[in-house]
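Take a look at the structure set out below.
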Amino acid sequence: MEGLMCRNIVKRYGKKTVLDQVDLTLEHGKIYGLIGRNGAGKTTLLSVLTAQNPASEGQVSCDGLPVWENPEALEKICFSRELNPMNGMSANAMKAKEYLKIASIYFPHWDQALADRLVRLFGLDVKKRICKLSKGMMSMVTIIVAMASKAEFTLLDEPVAGLDVVAREQFYQVLLEEFQNTGRTFLISTHIIEEAANIFEEVIMIDKGRIILKENTEDLLEHCVCISGKDDVVDAAAAGLETHHPERIGRGKTVMVRLKEGQSLDASADVDVRGVTLQQVFVALCGEEEHV
Amino acid sequence: MKRKNTLPFWGHHILENVGAICALAIALDIFSFLMSYDEIDGGIVLFFRVSLPTYILAGATFWMFIYVLGFFKTYYPVVLSFQACRSRIHREMAFSFLATDLVLFLIMTGVLLILSRLGVEDALIVGVESMGLILIAEGFSLAFAVLYVRYGKVGGVICGLAGALFGGVVGAYMASGNTLFSGFMEHIISWASAGIIVGAGIGVFLVGTAVMHLVFRKAQLYI
Chain A
1 MEGLMCRNIV KRYGKKTVLD QVDLTLEHGK IYGLIGRNGA GKTTLLSVLT
51 AQNPASEGQV SCDGLPVWEN PEALEKICFS RELNPMNGMS ANAMKAKEYL
101 KIASIYFPHW DQALADRLVR LFGLDVKKRI CKLSKGMMSM VTIIVAMASK
151 AEFTLLDEPV AGLDVVAREQ FYQVLLEEFQ NTGRTFLIST HIIEEAANIF
201 EEVIMIDKGR IILKENTEDL LEHCVCISGK DDVVDAAAAG LETHHPERIG
251 RGKTVMVRLK EGQSLDASAD VDVRGVTLQQ VFVALCGEEE HV
Chain B
293 MKRKNTLPFW GHHILENVGA ICALAIALDI FSFLMSYDEI DGGIVLFFRV
343 SLPTYILAGA TFWMFIYVLG FFKTYYPVVL SFQACRSRIH REMAFSFLAT
393 DLVLFLIMTG VLLILSRLGV EDALIVGVES MGLILIAEGF SLAFAVLYVR
443 YGKVGGVICG LAGALFGGVV GAYMASGNTL FSGFMEHIIS WASAGIIVGA
493 GIGVFLVGTA VMHLVFRKAQ LYI
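Taken in order, these protein sequences are the chains called A and B. Heads up: the first sequence is residues 1 to 292, going by my numbering. Heads up: the second sequence is residues 293 to 515, going by my numbering.
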């Protein structure tokens, strides 16, 4: 089974290119994290993968079947996107109960028992109109749809936006439980990286419409280190290695080093070596801009 | 491939629309009666017998216009977000309109038989003609929906003006206590005219559906 794949995806809005030659494969039975800065193209990528937005160029397929206008492929996919509280119409005009009812009709593998359990767990008032829900409650609606859809490929766009820390923990618990029970593939885009880092088997980083990294999370963190010390010593230790995000600290310097296969740091170098978090890797790779 | 039965969704909308149209027709009829009370001969019963079918037709064209615009703004993005197969949604939507029209045809024919005391054949002919006119209204509504959803405020203004014009015509008709439309319909009660009107209705409906499908088949989904 090939998974959910996109090849040479380009998406343009007028003259602006939002996605640029994106190749991505989501395999069965994994939890992926999708992280990127605001405007990097995360939501556009997710909507193109799920046929809610046509690509300007390129193809998307699910287990070998083209996704666009193909019910057989689309039945394996669920894209639960963030509900927009600023939109005066659309889903916001409905009651949460009606929204979930429509979801139960259109997702062929819908699990009503799971949906009911999650409604109780989150304490969601389904009789309220969606536009009257708090941002956190709106996120709960999208989480319930994603989980209860039982789709093989479930893509969630910022599901924890607006959730308090307790609700976020509940979400991660539910996600892991569902993953262990069903082996579904989840792709979660989030800005709260450190909380979710332990859950992501693979992390995908997108920057300015391009995938800059897709790697096993543990391997990535093993191969990234932060070295600090005197300028010349750090430069010497990092010579020939991929470095990112140099920062001055007093008379010294710190830099993130990304080691490739077979590479290592010089053990005799007089530098301080520390591990990095996924958030630090992300900032180092995607945050390299001139500071004003 | 597991297919889900979406009939509960569309069936709910069909019943809601038929109920709303009937309620609207009765309300318009009562309102018209009250507005033109002094000019009516024959009393309320005769007035309802003559005018109710007209207001079912007026209510249906007005309600379906509003419904189509509202559907594209509210339900269409939601349904597409759950099942992003546009051609399937468009097909189901078209069939739901036709199903609504069929139910309205049965109601209209029944009203004509019972209240207007037309013969069976004449009632069927008028029912078919009415369905043709509703199909024309739905075809135009689908085309207006494209304007409304795709072209934002400009489209909304055009739709608003069209709706206001139609409402104004109906309102003026109601205020006059006129049975002009009923009289007109009595003169074209023939299978030939029914065939022409329903043929035109099917044509406009198909064109409206085609325009809607061609515009939305590659549209980006916004929730």
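Glycine included, each C-beta is placed from N, C-alpha and C at the ideal position. Every value quoted in this text rests on a predicted model; they were computed, and no experiment measured them.
Query: Which of the three DSSP states, helix, strand or coil, is assigned to N216 of chain A?; Result: strand
Query: Three-state secondary structure (DSSP) at Y13 of chain A?; Result: strand
Query: What residues of chain A sit near R442 of chain B, judged by a beta carbon separation below 8 Å?; Result: Under the 8 Å cutoff, chain A gives no residues; its nearest Cβ is about 14 Å from R442 of chain B.
Query: What does A151 of chain A touch in chain B if you count any residue whose Cβ is under 7 Å from its own?; Result: Within 7 Å Cβ-Cβ: nothing; A151 of chain A doesn't reach chain B, min ~10 Å.
Query: Between the alpha carbons of T43 of chain A and F153 of chain A, how many angstroms are there, rounded?; Result: 16 Å
Query: Kindly say whether V371 of chain B, judged by its beta-carbon, lies nearer than 8 Å to any beta-carbon of chain A.; Result: yes
Query: For H505 of chain B, which of helix, strand or coil comes out of DSSP?; Result: helix
Query: Verify the contact flag: M140 of chain A, CB atom, against every heavy atom of the ligand COA, threshold strictly below 7 Å.; Result: This structure does not include the ligand COA; it has no bound ligands of any sort.
Query: I need the straight-line Cα distance from F397 of chain B to V503 of chain B, nearest angstrom please.; Result: 25 Å
Query: What do you reckon, are the CB atoms on M205 of chain A and G41 of chain A nearer than 8 Å?; Result: no
Query: In or out: S343 of chain B buried (at least 16 other Cβ within 10 Å) or exposed?; Result: buried
Query: Anything in chain A within Cβ reach of A376 of chain B, meaning under 7 Å, just list it in chain order.; Result: T50, A51, Q52 and L74
Query: Considering only the alpha carbon of each residue, which of A:G33, A:E82, A:L26 and A:S47 lies closest to C62 of chain A?; Result: A:L26
Query: List the residues of chain B whose Cβ lies closer than 7 Å to the Cβ of A103 of chain A, in chain order.; Result: F374
Query: Note down the Cα distance separating E290 of chain A from H304 of chain B, rounded to an integer number of angstroms.; Result: Bear in mind that a pLDDT of 47 at E290 of chain A, under 50, signals an unreliable position, so the number given afterwards is only what the model happens to contain. Each residue's Cα considered, the two are about 57 Å apart.
Query: Are F171 of chain A and I130 of chain A closer than 8 Å when you measure CB to CB?; Result: no
Query: Tell me which residues share the same chain as G88 of chain A and place their Cβ nearer than 8 Å to its Cβ, disregarding the 5 neighbours each side in the sequence.; Result: Model confidence at G88 of chain A stands at a pLDDT of 49, short of 50, so the residue's coordinates are unreliable; what they give is reported in the following sentence. These residues qualify, in order along the chain: C131.
Query: By Cβ distance below 6 Å, which residues in the same chain neighbour S422 of chain B in space, the five residues on each side in sequence not counted?; Result: L349 and M400
Query: From what residue to what residue does the alpha helix (DSSP H) around A382 of chain B run?; Result: This sequence places His at residue 382 of chain B; Ala is not what is there. Element bounds for H382 of chain B: R378 to V403.
Query: Between the alpha carbons of I515 of chain B and V160 of chain A, how many angstroms are there, rounded?; Result: A caution first: I515 of chain B carries a pLDDT of 42, below 50, which makes its placement in the model too unreliable to give a value.
Query: Of the residues B:A317, B:L404 and B:L427, which one's Cα is nearest the Cα of V360 of chain B?; Result: B:L427
Query: Which stretch, first to last residue, makes up the alpha helix (DSSP H) that contains V233 of chain A?; Result: D231 to A237
Query: Leaving out five residues before and five after R7 of chain A in sequence, what residues of the same chain have Cβ atoms less than 7 Å from its Cβ?; Result: D23, G58 and Q59
Query: Would DSSP call L26 of chain A helix, strand or coil?; Result: strand
Query: Along chain A, in chain order, which residues have C-beta atoms closer than 7 Å to that of R380 of chain B?; Result: P71
Query: List the residues of chain A that K510 of chain B touches, going by C-beta distances under 7 Å, in chain order.; Result: P54
Query: Are the Cβ atoms of G487 of chain B and G431 of chain B separated by less than 8 Å?; Result: no
Query: Less than 8 Å between the C-beta atoms of V257 of chain A and T243 of chain A, yes or no?; Result: yes
Query: Could you tell me the distance, in whole angstroms, from the CA atom of G240 of chain A to the CA atom of R378 of chain B?; Result: 52 Å
Query: What three-state label does DSSP hand T44 of chain A in the structure shown?; Result: helix
Query: Since Q59 of chain A sits in a beta bridge, which residues does DSSP pair it with?; Result: A:R7
Query: Is DSSP giving L326 of chain B helix, strand or coil here?; Result: helix
Query: Would you check if there are 3 or more beta carbon pairs closer than 8 Å linking the stretch 274–288 of chain A to the stretch 218–235 of chain A?; Result: yes
Query: Where DSSP assigns a beta bridge to C78 of chain A, which residues make up the other side?; Result: A:T154
Query: With a cut-off of 8 Å, does the C-beta of I515 of chain B fall near any C-beta of chain A?; Result: Residue placement at I515 of chain B cannot be trusted, given a pLDDT of 42 that sits under 50; the coordinates are not used to answer.
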